[in-house]
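Quick notes on the structure that follows.
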Ligand code: NOJ
């Protein structure tokens with residue numbers, strides 16, 4: 029059970045409580061937001077509008093000056109940034125002689141953004157603006173418009189004249205400006221873990237409740253807040269939109285719930301404050317290990333989104349109303365509106381606005397800014413076997429052998445923290461891992477890799493070179509006084525690597541060189557855990573907020589970025605393990621627990637310490653789906669569950685679900701019983717092996733999906749709303765997954781003893797059971813038999829997907845295996861699909877060393893077209909793959925007229941080559957027909973066609 033008392037509620041987090049109270053006060057009809065955009069300050073140049081917002085403070089004539097820029101980008105995205113002039117100028121005094129920076133944190137973009145910032149050449153002020161507003165037209169053919177109200181300041185974003193997103197429409201904009209502390213009568217103090225009673229709304233400034241302005245205590249730690257209150261808040265409304273998704277990471281439903289109480293709703297806002305939450309609870313807005321402040325709103329045929337670029341602790345309240353929030357939004361098809369309230373402890377207001385109109389557009393635009401997922405090495409998308417811990421190098425070799433003995437495919441064996449000597453990373457325990465080199469070699473014999481864990485806490489121990497260097501070079505995070513911070517984690521007393529510092533990154537890279545991290549080899553990859561950072565004796569199991577990072581930024585400002593800076597450093601380290609590799613690097617693989625927007629560029633993530641219980645298996649599906657639509661699709665959950673011992677049935681069902689996680693790793697806590705698949709006995713071992721073989725057979729399809737994600741940002745597994753954006757009944761469905769654009773749809777069994785599942789079809793197309801071609805048709809729910817040995821997997825008509833059907837021990841051994849193409853036809857007899865292949869290891873694909881084919885079936889002919897761009901290594905790669913052919917074509921749902929046929933005509937590169945046998949099996953009792961063409965003798969890298977007519 030999670031220990032709620034270890035984590036703050038909104039009420040216990042001063043700035044969250046203050047902003048919620050602000051929102052409550054703003055509900056009254058007499059409320060007007062005290063922020064005005066001074067029209068005299070507005071300028072517009074190069075796609076950017078700038079000006080000064082003036083904040084009125086009660087009873088003071090002086091107004092706080094808040095510079096705003098609204099950038100209209102070529103991509104059609106708009107960015108609104110608000111800063112505080114006094115702090116920009118450094119014109120403030122810090123308390124306690126703090127060394128912290130005076131500015132509001134303005135480097136989140138430097139970490140999170142990698143592109144998409146080119147200004148729009150076409151954006152222009154519109155002459156039609158109403159009195160008291162300024163209007164800018166932008167976006168595709170000027171169909172987007174931002175209408176900026178001056179007093180009170182607010183913005184409406186419109187697409188085709190219809191309002192989609194409103195900022196400060198409810199007047200919740202709040203930028204707590206800097207002010208000196210004026211000593212008054214002592215304010216009441218909060219006791220540990222206890223909330224203060226809600227104060228009455230202030231009548232004048234002297235009565236404002238300052239109890240959380242200047243310092244705040246929680247869990248025995250006092251945050252000294254040298255800059256006083258500095259939070260930001262803003263309401264963002266989506267008129268006409270009933271569903272919002274995103275803002276991972278939470279163990280919650282895909283369609284986010286409302287957060288201000290009421291039946292079935294949450295009482296707490298969704299929180300984003302990367303944390304190590306022990307035994308986290310399900311169906312909860314509580315924070316987890318990672319944060320992506322990107323949200324999309326969806327209604328029938330329209331998707332829009334916002335990205336709140338802020339790395340400080342953030343809370344998001346969500347409410348929905350049945351009446352349209354604004355008259356301008358009347359006429360929108362949606363019946364209700366969603367209003368959100370974003371609250372961060374410090375930093376800039378920096379919001380990106382995406383106007384869609386499809387889920388694909390919104391996710392793509394977000395990816396243009398924060399980057400797309402890295403194309404992983406092929407092994408990384410295969411099956412990983414982990415546990416805390418394999419206890420000796422002999423143990424590892426033995427586990428490896430057993431997978432071989434039982435013919436169970438597996439690509440990676442993992443080592444958790446016990447491999448080290450006293451949890452000193454970059455060392456091996458000499459008693460248990462005395463010959464790591466040999467261990468790596470044995471594992472490599474089956475084409476397998478290893479992953480070792482390296483955490484950011486560095487043990488304080490005499491003679492440990494890593495800590496000594498860290499201290500000498502001052503590469504650790506500092507405490508508020510500027511000394512290297514000390515806290516408690518796995519190794520005992522430790523320091524924390526400050527990967528915000530470029531020099532630290534250089535040093536970190538050196539530690540991974542083969543010559544320095546002895547015992548590892550080219551098949552060693554890295555797992556970064558505990559990088560929220562987790563500090564066992566810190567407030568909320570993390571670092572004090574007044575700690576200092578490189579550049580003297582307070583930890584408060586950068587907390588949610590911390591994990592990403594660490595796995596970025598590791599990614600870079602893996603690119604340069606030796607001089608030779610620096611010249612011709614292989615793609616790194618890094619798994620991270622903490623993440624932020626941009627983490628997708630250099631890592632995979634998993635959902636942390638789940639329980640070996642059925643509800644945790646169920647919860648993993650919406651979590652993985654949410655990662656996908658939030659730009660970070662390389663995601664999975666611990667298969668089998670981390671804490672506790674799963675029943676064999678649960679374990680089996682988990683493998684069947686896990687075979688459809690983009691990141692597919694089994695893992696278990698140190699106190700659990702061994703549960704490698706070969707220990708499961710009959711019939712479980714066989715059923716698990718089948719699930720693994722299915723994953724391996726479909727690896728070409730998965731790899732093609734990863735390639736797509738790496739160039740467009742598209743999710744790898746997709747929820748119903750993404751695939752069927754018009755299907756209102758399916759917008760909340762989050763327990764089944766489509767695999768990319770392949771038409772493959774799985775609905776994992778997540779309940780004990782299930783004999784069947786209900787699967788939801790979002791359209792009227794024909795769907796075939798993957799294994800026996802049973803036909804399901806008709807929008808809505810269908811019951812499918814799902815005994816333990818059956819994975820619920822359907823194929824939607826109109827698709828073609830590639831497989832490799834030879835069973836091997838690891839993906840490395842499949843590199844030159846032939847392909848099977850599965851063509852799935854409906855009544856219109858048409859199908860399409862793609863295959864992307866490269867060496868699965870290096871960056872040569874960037875120079876064209878890949879094959880990218882499109883398969884098209886129409887008019888009874890299947891053909892393969894080249895859709896790759898040629899580069900300098902294309903020819904060489906295609907030649908290398910010359911012997912790799914299509915060994916089988918399977919057509920499901922071919923027409924009855926083919927019944928009497930026994931031959932197809934195969935043409936290669938336009939020339940008719942020969943007739944090849946085909947076998948037609950009629951589909952009986954509600955099943956689709958099957959045609960099999962064996963060995964059509966077509967090369968995978970060349971153009972060919974197969975005529976069935
Ligand atoms: C916490 C991680 O979440 C878990 O997967 C790991 O086994 C332990 N740390 C030990 O390293």
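Residue numbers (our numbering): 29 to 977. No residue lacks a Cβ here, since even glycine has one placed at the ideal position from N, Cα and C.
Residue 255 and residue 530 have their alpha carbons spaced roughly 26 Å apart. Taking the Cα positions, residue 565 is about 31 Å away from residue 660. Under a 10 Å Cβ-count criterion, residue 159 is classified as exposed, with fewer than 16 other Cβ atoms of the shown protein chains found around its own Cβ. Under the three-state reduction of DSSP output, residue 809 falls in the strand class. Taking C-beta separations shorter than 6 Å and ignoring five residues to either side along the sequence, the partners of residue 662 in its chain run 401, 632, 690 and 691, following chain order. Under the three-state reduction of DSSP, residue 36 is assigned to coil, being neither helix nor strand.
DSSP lists 830 and 917 as the beta-bridge partner residues of residue 849. Within the chosen limit of 6 Å, the ligand NOJ does not reach the beta carbon of residue 699 with any heavy atom.
The alpha-carbon of residue 869 is positioned some 43 Å away from that of residue 368.
In the structure shown, the three-state DSSP call for residue 671 is strand. Nearest in C-alpha terms to residue 885, of all of 855, 276 and 48, is 855. Checking the DSSP bridge columns, you'll see residue 779 has no partner listed.
Secondary structure note for residue 632: it is in no alpha helix (DSSP H), and the uninterrupted beta strand (DSSP E) holding it is 632-634. At least one heavy atom of the ligand NOJ lies closer than 6 Å to the C-beta of residue 416.
Beta-carbon to beta-carbon, residue 80 and residue 88 are separated by about 17 Å, too far to satisfy the 8 Å threshold. The alpha-carbon separation between residue 698 and residue 417 amounts to approximately 6 Å. Scanning the segment 516-598 for uninterrupted alpha helix (DSSP H) segments of 4 residues or longer gives 530-539 and 583-586, listed from N- to C-terminal end. Taking 3 residues as the minimum length, the beta strand (DSSP E) runs contained wholly in the segment 721-799 are 765-767, 772-774, 784-789 and 794-797, in order along the chain. A residue is called buried when at least 16 other Cβ atoms come within 10 angstroms of its Cβ; residue 204 meets this threshold and is buried. Taking non-hydrogen atoms of the ligand NOJ into account, the C-beta of residue 482 is found less than 6 Å away from none of them. In this model, residue 654 and residue 312 are separated by some 14 Å (Cα to Cα). For residue 393, the enclosing alpha helix (DSSP H) covers residues 387-398. Pairing residue 473 with residue 545, the inter-Cα distance amounts to about 21 Å. Comparing alpha-carbon positions, the option among 304, 707 and 211 lying closest to residue 562 turns out to be 304. Looking at the DSSP output, residue 84 bridges to 91. Here the alpha carbon of residue 827 sits roughly 16 Å from the alpha carbon of residue 736. The bridge partners DSSP lists for residue 98 are 77 and 108.
Linking residue 366 to residue 172 through their CA atoms gives a straight-line distance of about 21 Å.
Judged by pairs of C-beta atoms under 8 Å, the segment 671-685 does not touch the segment 609-629, as fewer than three such pairs exist.
When the beta-carbon positions are compared, residue 330 and residue 274 stay at least 7 Å from each other. Rounded to whole angstroms, residue 741 and residue 929 show a C-alpha spacing of 43 Å. In this structure residue 798 does not touch residue 816 by the C-beta definition: roughly 17 Å separates them, more than the 8 Å allowed.
Per DSSP, residue 173 lies in no alpha helix (DSSP H) segment; the continuous beta strand (DSSP E) that holds it begins and ends at 172-177. In this structure, the beta-carbon distance from residue 578 to residue 623 does not fall below 7 Å. Ranked by Cα distance from residue 343, the first of 316, 519, 180 and 784 is 316. With fewer than 16 other Cβ atoms from the protein chains shown falling within 10 Å of its own Cβ, residue 611 counts as exposed.
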